[in-house]
């Protein structure tokens, strides 16, 4: 940590800060520049997490040097984490394609889509049973029954299932019925939920919040891992910007950046990011070209009747087409599908 | 709702849409312009909440006419809601000043600050017992014990208490110990928590999410009210933008806008919005001038030792000074303190 | 255009609006819904460009139906525009790779880089002679002399030259020495400059502003084309968001969106967008996968000594490596290099 | 400047950087922490403006300590700058209210509004003669003729005139006819225009760009002042965010922040910021409460017929009402009108 003093800071001000650092067990080294005096803190600056330093008299600014996370960092673990989900390896050479309906609606539709996903080469079935909806008047999901439909689809196709949890009180049912528990964008900062899923070793798909920075996403992952669950998969799904042409702005620079900073696998959700089915295929290809470890894609056999996000769902034949295009891109970047 | 068709849309495309609308019990009126055909939907368009229309062949765009909320709207209730909190009326002519430490730390500090707040003219005591922290390594709050300290501070000063809930499993303890339950910015989209606090009539302070639109804030309020709890107080606390000079960008235009769209009281939190104590006073004054019904301000007797957000806390003597400045501003806009 | 009236609007209010529309030569059709009365305007709504309608008594909102541009639109011209630059076709099956130093510094360095770009397969030489710098104390470019160096590099390599104009008073020199005139992000809304370059038929590379919407980018292109110059190439180069991990957020969804809305070629600048050389290769690949018609890439033989943006420049050997990777991606999406 | 090295940096890497610093005439001081080695640069770090350091092998990050501006800073000049405009002092105890139509349209309308502004207590007349419009099909202003109308309005009322320049080729006419030259938000990064107006001593009203940071605004002011023109007035006019309820998001925290960092006067434009006349009054009051030195407000006698931005114009009687409200707020913060 670097503490910069104002030109007006007195020796007493500087001493007051160094004394406080000493009390906390940290050493500091002073550097007197022509226009500013600077203090470099030596030792684990994470100790300063709960110590506001900018309020000390004479302090102009405080700059952190170390990343605030540890267990998620590439520095902590050099090699890529590979998460095993019932035999599907997420994060290795082979890309993971998670696909399925936004919301689970009817058993036969869900099972039908699962078969289509499987046939096209998808490796994980996605489907929302509990739906976080902006409006209280929108369809809120089938709940536990929806999870049962996914379990049946899994029984028939062998595809492991990912589904979103909203409430820490539902953990038991997710541990039983889901293969990957999804923490959605709106809950990336729901720390109680993060702590809850951190207490088990069930894989977690952690989506970036609509306005979460890369740093905050990694800190949310750190919440989970620091509780003991190392099976975290990160997911970029678009951020909120001023542009209104698409629902959110897919931030693909996050992919190589996350892979540089962390050892965790990174997948991309082009469906929610864009909110438009016609943008899903180009963005899916771009994500793989940028180095993503997989995709999360909405597929629905009848988007006109989808109770949620039909606008962004691919019909099965388009999904199949995309899968064959993705094979070429994957090969071009040394991956496989 | 207005449905605009592409120039390439066929009569069949248009019929297909009108048929679907008829099935849903809605009438429509066609308008053939020179460059586009337009369909106006007559009837309660909220029926279309779960019906994706942009996926229909030939549809270019869909525009909603009615606001998606109902109970929170000024149209629904013309007069201002006034929320009664143990005799403190929030939303009327008299401004409400909620003040106190960011996090509750020690009993004597908490009680001491409460007395200072009371002496300066504050009307509600704020204090965090459960803290949502970006990093798992930051101080997470004292939990239930923190609430007990607030209860003791209330016993001594008579100030009602507002504190933030993070987990729906803690509702009972909040119903017992808090006078206002705060839903923080990070949980504005935690719909399970909204539904939970909507089930009681305990007043709720609902903070706008970091990247939530005005519409989304009102829909989150609608979640609570539609469950039966009409005692909702809205709070603007800064949004996330590209500017890094302050923690967030306080969006004061939200104040008159929310008052125009809704009958609910609106308060402003200049402390969290700016993250800098030196900006708290000017922004507090501006908020009142803009028409806010009150403020939420961090006060700490020793910011250097605050375990959370010391940077933005006012010392008691500065708070006192601010309160006397606010009296003048309040008077200038026809309010009182 | 759709005009929605407030529930409180009187018949007189509605008549007042329809009268005004009639005066302007527009017809309107009324639609009385259960909660709102709606007026659909028939005729060329662009007539209403200079007519504020929301200020009319009783009007709640006004929604535009037609895009505000014409000549740039895919509706106006179904096929892709291909811009010819001294024999290099921009916008067709073959991708265009523009590369070179951020700023032109010395003759030998510029010529050296041009040879490296040519050898690796680049097709256009980029280089800034007039530099728009945030600080008045930063290197402002060599000006006219810099353009002369580019001309010399072109003489030796045959590569056409793209360079940025800042001042309408420099048009003559650019018409003489540059093959493509670049309008930079900071000048996308400098309408006088747009009008100026619109008066000739010299190809223009128009970069999206840091906070410009897709719509605004297309309107700026419309400025140029409506003045007579149809040779416009659009460029996505990152937008400003809250994320600070990279300089800007590359918005690749803009690529398929622009191609859908407009017939103009679209290229991507991953160097300025990210500001980090390590992100240039993955984002360049992603851009091509998303459907871009080409790239604008910074290449410098000695980034440590670059007077501008060395952080984001690729060394020639890395650029060469990237070019061979891009060939594979191009092939995977049916393009060639 | 602080240079942080990666854990993997070698001694050679560190030496390479210190050698380069020495060549540039800068000293450095090394500090070896437990996890990182840090180099503090001693001397005027502005020398490093054109030296990319993050590309040096082993460097992890570079942090600037000093503000990149000089002449605009409060450190450089402790007291408030007061700009004299034909006897109107901008920046002192008395607030400056600039008001008038968005665009100058007709002589009699312009003169009429000027009289209303004067009668209500306005001190400067604003009016656009050259209009920067997003669409080429919108009214582009009367140009030189518009300036003549303003001059006539000034002759009749005595109000000095502020008007926006778009093209450096128009400087002469502005020097002759305007009392304050406005650089609009879209041209805040038009450095050639900044240099141009910096060459004279005519007062300049510099508006913050739609997505410009506080730092960038100050650097644009530095462009002007470093060319010799110290008469710069800063103007906050809303920034672009995700919120669509109003045109832009008025960032009032910029007011006390700019006053803290710089000695220049700061005024606020609530009309363009919000784009809605109903928000102008509350935001104008809030701006004064936040410490602004004045306001820029659109007033139009017949908003229904305004050729530009009628939506946000106050009718004269509302402006008069606002002026009397502002007197009370001004008094409450120790200012006068």
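Protein chains in written order, with my numbering: chain A, 1387 to 1723; chain B, 1387 to 1723; chain C, 1387 to 1723; chain D, 1387 to 1723. Every residue gets a Cβ at the ideal spot worked out from N, C-alpha and C, and that includes glycine.
Does residue 1422 of chain B get closer than 8 Å to chain C when you measure Cβ to Cβ?
Chain C contact via Cβ: present.
Could you check the C-alpha separation between residue 1614 of chain B and residue 1605 of chain B for me, to the nearest Å?
Their Cα atoms are separated by approximately 14 Å.
Going by C-alpha distance, which of C/1442, C/1401, C/1412 is nearest residue 1690 of chain D?
Residue C/1442 is the option with its Cα nearest to residue 1690 of chain D.
Which one of D/1677, D/1682, D/1609 has the shortest CA to CA distance from residue 1721 of chain D?
Ranking the options by Cα distance to residue 1721 of chain D, first place goes to D/1677.
So, with DSSP's three-state summary, where would you put residue 1446 of chain D?
Note: residue 1446 of chain D maps to strand in three-state DSSP.
With H, G and I counted as helix, E and B as strand and the rest as coil, what does DSSP make of residue 1525 of chain D?
In this structure, residue 1525 of chain D counts as coil in the three-state DSSP scheme.
Kindly list the residues whose CB is nearer than 6 Å to the CB of residue 1491 of chain A, restricted to its own chain and excluding five residues on each side of it in sequence; keep chain order.
So the qualifying residues of the chain are 1693.
Ignore the nearest five residues each way along the sequence and tell me which others in residue 1548 of chain D's own chain have a CB closer than 6 Å to its CB.
Excluding sequence neighbours, residue 1548 of chain D sits near 1484, 1510, 1512, 1566, 1568, 1591.
Does residue 1543 of chain D have its Cβ less than 8 Å from a Cβ in chain A?
So, not an interface residue.
Looking only at C-alpha atoms, which of B/1439, B/1402, B/1680, B/1651 sits nearest to residue 1616 of chain B?
Residue B/1651 is the option with its Cα nearest to residue 1616 of chain B.
Taking CB distances under 8 Å as the criterion, tell me whether residue 1697 of chain B reaches chain A.
Yes, residue 1697 of chain B counts as interfacial toward chain A.
Whole-angstrom Cβ separation of residue 1435 of chain D and residue 1521 of chain C, contact assumed at under 8 Å?
Yes, they are in contact, since the Cβ atoms of residue 1435 of chain D and residue 1521 of chain C sit about 6 Å apart, within 8 Å.
Tell me whether the beta-carbon of residue 1673 of chain A lies closer than 8 Å to the beta-carbon of residue 1654 of chain A.
Closer than 8 Å, so yes.
Check each candidate in D/1518, D/1533, D/1452, D/1562 and name the one with the smallest Cα separation from residue 1391 of chain A.
Closest by alpha carbon: D/1452.
Under 8 Å by Cβ, that's how I've got residue 1597 of chain A and residue 1626 of chain A pegged, so tell me the actual separation to the nearest angstrom.
5 Å between Cβ atoms; contact.
Can you tell me the Cα-Cα spacing of residue 1446 of chain A and residue 1539 of chain A, whole angstroms?
Rounded to the nearest angstrom, the two C-alpha atoms are 59 Å apart.
Where does residue 1594 of chain A fall in DSSP's three states?
Looking at residue 1594 of chain A - three-state DSSP - the assignment turns out to be coil, as it is neither helix nor strand.
Select from B/1644, B/1685, B/1608, B/1649 the residue whose C-alpha is nearest the C-alpha of residue 1745 of chain D.
Beyond the ends of chain D as shown, which are 1387 and 1723, falls residue 1745 of chain D; an answer cannot be given.
Which chain A residues sit within Cβ distance under 8 Å of residue 1683 of chain C?
Per Cβ cutoff of 8 Å: no residues; residue 1683 of chain C is ~15 Å from chain A at best.
For residue 1490 of chain B, list the residues DSSP reports as bridge partners.
Paired residue(s): none; residue 1490 of chain B is not in a bridge.
Where residue 1456 of chain B and residue 1608 of chain B are concerned, what is the direct C-alpha to C-alpha distance, given to the nearest angstrom?
Their Cα atoms are separated by approximately 7 Å.
So, does the CB of residue 1453 of chain A fall closer than 8 Å to a CB anywhere in chain C?
So, not an interface residue.
In three-state DSSP terms, what is residue 1406 of chain D?
DSSP places residue 1406 of chain D in helix when its eight states are reduced to three.
State the Cα-Cα distance for the pair residue 1561 of chain A and residue 1588 of chain A, rounded to the nearest angstrom.
For residue 1561 of chain A and residue 1588 of chain A, the distance between alpha carbons rounds to 7 Å.
Per the DSSP calculation, residue 1418 of chain A is bridged to which residue(s)?
Residue 1418 of chain A pairs with A/1423.
Pick out whichever of B/1719, B/1469, B/1399, B/1499 has its Cα sitting closest to the Cα of residue 1649 of chain B.
Closest option to residue 1649 of chain B, Cα to Cα, is B/1469.
Which residue comes first and which comes last in the beta strand (DSSP E) that contains residue 1622 of chain A?
Looking at the DSSP string, the run of the beta strand (DSSP E) that includes residue 1622 of chain A is 1618 to 1622.
Does residue 1461 of chain C get closer than 8 Å to chain B when you measure Cβ to Cβ?
Yes, contact with chain B.
Pick out whichever of A/1714, A/1641, A/1682, A/1637 has its Cα sitting closest to the Cα of residue 1503 of chain A.
Of A/1714, A/1641, A/1682, A/1637, the residue nearest in Cα terms is A/1682.
Taking only runs of the alpha helix (DSSP H) that begin and end inside the stretch 1594 to 1680 of chain A, which ones reach a length of at least 4 residues, in chain order?
Listed in chain order, the complete alpha helix (DSSP H) runs (minimum 4 residues) inside the stretch 1594 to 1680 of chain A are 1600 to 1612, 1640 to 1647, 1656 to 1660, 1663 to 1675.
With a threshold of 6 Å on Cβ separation, who are the neighbours of residue 1476 of chain B within its own chain once the five nearest residues in sequence on each side are excluded?
Correct list, in chain order: 1469, 1482, 1619, 1651.
Find the nearest neighbour of residue 1712 of chain D within the set D/1671, D/1686, D/1704, judged by alpha-carbon distance.
The candidate whose alpha carbon is nearest that of residue 1712 of chain D is D/1671.
Determine, using beta carbons only, whether residue 1449 of chain B and residue 1388 of chain C come nearer to each other than 8 Å.
It is a contact, given that the beta carbons lie within the stated cut-off.
Pull up the DSSP beta-bridge partners for residue 1391 of chain C, would you.
C/1445.
Is residue 1517 of chain A buried or exposed, if buried means 16 or more other CB atoms sit within 10 Å of its CB?
Under this definition residue 1517 of chain A is a buried residue.
With a cut-off of 8 Å on the beta carbons, I'd call residue 1533 of chain C and residue 1505 of chain C a contact; round off their distance for me.
With a Cβ gap of about 23 Å, residue 1533 of chain C and residue 1505 of chain C do not count as contacting.
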